[in-house]
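For the sequence shown, UniProt numbering begins at 1 and goes up steadily by one.
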Amino acid sequence: NMNSIETAALGRPFQLGMLYDCRRDVLVPGIRLWSKEQLQQNISNTAQINTVFTVTASDSIEEKSRLLNIDGCLKLSLLGGLINVSGAASYLKDTKKSFNQQRLTLHYHSTTEFKELIMNHFPSGEMAHYDNDVATHVVTAVLYGADACFVFDREVSSDEDKRVIAVDVNAVFGKLKGVSVGANINLNDNQKTAAQKFSCTFYGDFQLPCNPTSFEDAMKVFEDLPKLLGENKELAVPLRVWLYPLDKLFSRVVKFQHEISIGLSTDIESVIESLSTTEMKCSDLLTDTPALRFSAFHDKINDMKKNCYQCRLSLMKKLGSLLPKIRGKFIEDTALIDLLNDHQQSPFERSALEQWLKEKDEESDIIKSLLTQLNDPEVKGEINLNTNVMNLEVKHLVSYTFTSLGWPDVLLSKQKTYLSSTKGKNGEKSSESEHKTWLTPEIQKTMRNNLKVFKNMIDLNNSKSVKFIVASKEMENSPGSCILLYENESNEAVCFTPPSKPDCPIIDDIRCRQVVLKVSPPCPATEELKLLYKMKEEKDWKSQTVSQNQNTVTLTDLRPDTDIVQHLHIMVFIAITFLMLYITGQK
Numbered sequence: 001n002m003n004s005i006e007t008a009a010l011g012r013p014f015q016l017g018m019l020y021d022c023r024r025d026v027l028v029p030g031i032r033l034w035s036k037e038q039l040q041q042n043i044s045n046t047a048q049i050n051t052v053f054t055v056t057a058s059d060s061i062e063e064k065s066r067l068l069n070i071d072g073c074l075k076l077s078l079l080g081g082l083i084n085v086s087g088a089a090s091y092l093k094d095t096k097k098s099f100n101q102q103r104l105t106l107h108y109h110s111t112t113e114f115k116e117l118i119m120n121h122f123p124s125g126e127m128a129h130y131d132n133d134v135a136t137h138v139v140t141a142v143l144y145g146a147d148a149c150f151v152f153d154r155e156v157s158s159d160e161d162k163r164v165i166a167v168d169v170n171a172v173f174g175k176l177k178g179v180s181v182g183a184n185i186n187l188n189d190n191q192k193t194a195a196q197k198f199s200c201t202f203y204g205d206f207q208l209p210c211n212p213t214s215f216e217d218a219m220k221v222f223e224d225l226p227k228l229l230g231e232n233k234e235l236a237v238p239l240r241v242w243l244y245p246l247d248k249l250f251s252r253v254v255k256f257q258h259e260i261s262i263g264l265s266t267d268i269e270s271v272i273e274s275l276s277t278t279e280m281k282c283s284d285l286l287t288d289t290p291a292l293r294f295s296a297f298h299d300k301i302n303d304m305k306k307n308c309y310q311c312r313l314s315l316m317k318k319l320g321s322l323l324p325k326i327r328g329k330f331i332e333d334t335a336l337i338d339l340l341n342d343h344q345q346s347p348f349e350r351s352a353l354e355q356w357l358k359e360k361d362e363e364s365d366i367i368k369s370l371l372t373q374l375n376d377p378e379v380k381g382e383i384n385l386n387t388n389v390m391n392l393e394v395k396h397l398v399s400y401t402f403t404s405l406g407w408p409d410v411l412l413s414k415q416k417t418y419l420s421s422t423k424g425k426n427g428e429k430s431s432e433s434e435h436k437t438w439l440t441p442e443i444q445k446t447m448r449n450n451l452k453v454f455k456n457m458i459d460l461n462n463s464k465s466v467k468f469i470v471a472s473k474e475m476e477n478s479p480g481s482c483i484l485l486y487e488n489e490s491n492e493a494v495c496f497t498p499p500s501k502p503d504c505p506i507i508d509d510i511r512c513r514q515v516v517l518k519v520s521p522p523c524p525a526t527e528e529l530k531l532l533y534k535m536k537e538e539k540d541w542k543s544q545t546v547s548q549n550q551n552t553v554t555l556t557d558l559r560p561d562t563d564i565v566q567h568l569h570i571m572v573f574i575a576i577t578f579l580m581l582y583i584t585g586q587k
């Protein structure tokens with residue numbers, strides 16, 4: 001019938017003749033229009049035997065809805081929390097927890113019988129029940145059968161070869177696509193090896209003695225599924241139902257508007273999917289090395305995850321509140337448009353989240369790269385600083401310090417303000433508070449240079465009294481990173497600045513066996529300069545110390561030569577800093 005609505009049962013206990021309220025998508029228990037005897041006299045039964053298998057690697061809301069044949073309006077009710085699902089439909093609530101998770105789902109769909117009410121034989125029904133306005137429709141047909149979802153998950157570590165993973169997934173995927181009910185499922189050695197890496201979670205309308213947890217267990221259950229419906233299919237459950245509008249049975253007009261545009265439904269689904277995806281990405285970042293080792297980085301990721309979770313729940317709650325009012329024609333569906341517009345202007349809109357995650361990915365990659373290049377030295381956070389300072393064997397502590405991981409995050413601040421707003425509305429946007437990453441190309445260059453210096457310090461060190469660590473500490477004056485020096489058992493640090501390359505000296509005067517060189521002033525970070533020189537034919541270099549305030553250097557005891565300039569080799573100055581004197585034991 002063109003006036004009927006077809007919808008998925010989703011594990012709910014539908015029966016012919018039950019009342020249903022499409023505004024809230026709920027069954028109305030305890031009230032019937034017709035007696036049990038009237039119903040039994042007007043039921044038509046038709047066998048409808050059919051079995052379908054589907055395999056998917058997608059975990060999106062759209063794909064799950066497609067598998068269970070859920071339309072847009074019912075999907076909105078699910079997203080708004082109006083429906084409590086059970087049986088195979090519980091699969092809808094099982095989402096991947098990580099991007100490092102390969103998922104395959106085998107969906108089994110079997111139908112057994114179609115029952116319907118012959119409506120033209122019915123009396124008009126009890127008007128008193130309808131006057132209560134508790135329902136909008138009556139159940140006039142039910143398709144019985146059973147669904148089952150076998151969800152296979154494989155955890156993937158960051159160091160696994162992606163080609164090997166692809167081979168494993170394809171091997172299992174190919175086998176699942178070729179399964180048939182009741183047939184023995186044989187796996188070759190490669191398929192067995194691949195399948196053993198997958199765990200299984202079962203969601204179904206079947207009563208099992210125990211749920212399968214492995215691929216092998218799942219295939220055994222799959223072979224027996226037809227038997228589990230009972231000898232006469234008496235254990236089948238409602239899969240799909242047809243709802244007939246009550247206003248077609250009675251003269252009273254029902255306040256009901258079932259259709260909400262596909263565009264609106266898709267947009268709301270996309271928003272919720274975006275928030276869920278961000279939560280999942282944050283979960284992955286929280287298990288990675290940077291978040292585990294540096295609390296400043298961890299806290300930002302964790303705040304974003306919690307904010308998105310809170311925003312998603314709030315959005316779903318608002319959706320669940322609006323849907324019955326829109327469907328009951330108490331408000332227009334423009335309320336959903338307003339909800340979407342508010343979100344689009346909020347600090348949770350998709351592009352802002354994607355940009356933030358991209359920046360955190362870059363930060364995470366750079367931190368991991370730096371730690372790897374340092375050959376993973378003993379990495380301590382600021383919380384362990386006192387332990388190192390109190391160590392009697394450690395006289396000098398050198399720390400490669402990330403200085404911007406804890407910088408204020410504009411987007412997180414905006415999110416906090418948005419979530420705490422009583423109206424849930426955005427404040428006026430300020431151009432001064434736009435989110436910008438601290439990880440600029442210039443800062444990356446500084447971090448790289450600091451890494452070179454830090455590695456050189458480690459390589460040159462031969463003293464047990466010097467300890468090297470990697471830490472995080474907010475320092476606005478040294479964005480990106482710096483090298484901190486803790487000396488004389490003090491927890492007050494000095495920021496080490498690598499000396500710049502000195503200018504080559506200029507020959508000022510030449511005498512018989514002497515050359516006077518003019519020296520440019522060194523950078524402030526330089527404590528001492530050393531000049532290396534030799535005659536061209538000599539093998540060994542000679543050195544001469546140049547103090548910080550010295551303007552000229554006189555090289556003596558040179559070989560008499562009419563062209564001494566051509567035969568004199570001067571090596572570039574070696575800058576010795578305050579720190580280097582400690583490390584090399586020269587102070």
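Here a beta-carbon is modelled for each residue, glycine too, at the ideal position from N, C-alpha and C.
Rounded separation between Lys281 and Leu357 - CA only: Rounded to whole angstroms, Lys281 to Leu357 spans 8 Å at the Cα level.
Boundaries (first-last residue) of the beta strand (DSSP E) holding Gln48: According to the DSSP assignment, Gln48 belongs to the beta strand (DSSP E) that extends over 43 to 56.
Proximity below 9 Å, CB of Leu275 to CB of Leu315: Cβ distance < 9 Å, so Leu275 and Leu315 count as in contact.
Ile272 in three-state terms, based on DSSP: Looking at Ile272 - three-state DSSP - the assignment turns out to be helix.
Beta-carbon contacts of Asn190 that lie in its chain and below 7 Å, excluding the five residues immediately before and after: Hits under 7 Å: Ala171.
Same chain only: Cβ atoms within 8 Å of Lys518, ignoring 5 sequence neighbours per side: Around Lys518: Pro505, Ile506, Ile507, Asp508, Asn551, Thr552.
Cβ neighbour criterion (16 or more within 10 Å) applied to Gly87: Classification for Gly87: buried.
Three CB pairs or more closer than 8 Å across the region 281 to 290 and the region 266 to 273: By the criterion of at least three beta-carbon pairs nearer than 8 Å, the region 281 to 290 is not in contact with the region 266 to 273.
Cβ-based neighbour list, Ser157, same chain, cut-off 8 Å, excluding 5 preceding and 5 following: Once the five neighbours on either side are set aside, the close Cβ partners of Ser157 are Asn100.
C-beta atoms of Glu113 and Ala236 nearer than 9 Å: At the C-beta level, Glu113 and Ala236 come within 9 Å of one another.
Run of the beta strand (DSSP E) containing Pro238, from where it starts to where it stops: 237 to 245 is the span of the beta strand (DSSP E), which, as asked, contains Pro238.
C-beta contact flag for residue 616 and Phe202 at 9 Å: Residue 616 is absent from the structure shown; the chain starts at 1 and stops at 587.
Met18, DSSP secondary structure in three states: Residue state, collapsed to three classes: strand.
Endpoints, alpha helix (DSSP H) assigned at Phe215: Its alpha helix (DSSP H) spans residues 215 to 224.
Presumed contact (8 Å Cβ cut-off) between Gly17 and Val138, rounded CB distance: Sure, about 7 Å apart at Cβ, within 8 Å.
Helix, strand or coil at Lys93 [DSSP, three-state]: The answer is helix: DSSP assigns Lys93 an H, G or I state.
Residues that DSSP places opposite His109 in a beta bridge: Paired residue(s): Val52, Asp147.
Outcome for Ala291 when other beta-carbon atoms lying within 10 angstroms are tallied against a minimum of 16: Result: buried.
Alpha helix (DSSP H) segments (min. 4 residues) lying fully within the UniProt domain "Stonustoxin-like helical" (271 to 364): Listed in chain order, they are 289 to 293, 295 to 327, 334 to 344.
As assigned by DSSP and simplified to three states, the class of Gly585: With a pLDDT of 30 at Gly585, under the threshold of 50, the predicted position of this residue should be treated as unreliable, though the coordinate-derived value follows. Note: Gly585 maps to coil in three-state DSSP.
Identity of the residue in Ser261, Ser44, His109, Leu411 nearest Phe222 by Cα: Nearest option by C-alpha distance: His109.
For Cys200: DSSP bridge partner residues: In DSSP, Cys200 forms a bridge with Phe152.
Cβ distance (whole Å) where residue 608 is taken to contact Val470 below 8 Å: Outside the shown range of the chain, which is 1 to 587, sits residue 608, and nothing can be said about it.
Host alpha helix (DSSP H) of Pro212 (start-end): Neither: Pro212 is in no alpha helix (DSSP H) and is coded neither H nor E.
Nearest candidate by alpha-carbon position, reference Lys177, set Lys36, Thr417, Phe348, Leu104: It is Leu104 whose Cα lies nearest to the Cα of Lys177.
Own chain partners of Thr403 with C-beta closer than 7 Å, once the 5 adjacent residues on each side are dropped: Once the five neighbours on either side are set aside, the close Cβ partners of Thr403 are Lys473, Glu474, Met475, Ser478, Pro479, Gly480, Ser481, Cys482.
Exposure label - Glu63; buried when at least 16 CB within 10 Å: Exposed is the call here.
Bridge partner(s) assigned by DSSP for Phe402: Answer is Ser472, Ser481, bridged to Phe402.
Neighbourhood of Ser214 by C-beta, 7 Å cutoff - its chain only, sequence neighbours within 5 removed: Apart from sequence neighbours up to five positions away, the residues of its chain that approach Ser214 with a beta-carbon distance below 7 Å are Ser199, Cys200, ordered along the chain.
Burial state of Gly174, where buried means 16 or more other Cβ atoms lie within 10 Å: Classification of Gly174: exposed, given that the 10 Å Cβ count is below 16.
Euclidean distance between Cα positions of Lys423 and Leu336: Model confidence at Lys423 stands at a pLDDT of 49, short of 50, so the residue's coordinates are unreliable; what they give is reported in the following sentence. Their Cα atoms are separated by approximately 16 Å.
C-alpha gap between Glu432 and His107, whole angstroms: Reliability of the predicted coordinates at Glu432 is poor, the pLDDT of 42 falling under 50, and the value obtained from them is presented with this limitation in mind. One C-alpha to the other measures close to 52 Å.
Assumed close pair Gln48, Leu143 - CB separation to whole angstroms, cut-off 8 Å: With a Cβ gap of about 7 Å, Gln48 and Leu143 count as contacting.
Best match in Gly204, Trp242, Arg154 for proximity to Ala194 [C-alpha to C-alpha]: Of Gly204, Trp242, Arg154, the residue nearest in Cα terms is Arg154.
Simplified DSSP assignment, three categories, for Ala8: Correct three-state label for Ala8: strand.
Burial state of Glu442, where buried means 16 or more other Cβ atoms lie within 10 Å: Its Cβ having fewer than 16 others within 10 Å, Glu442 is exposed.
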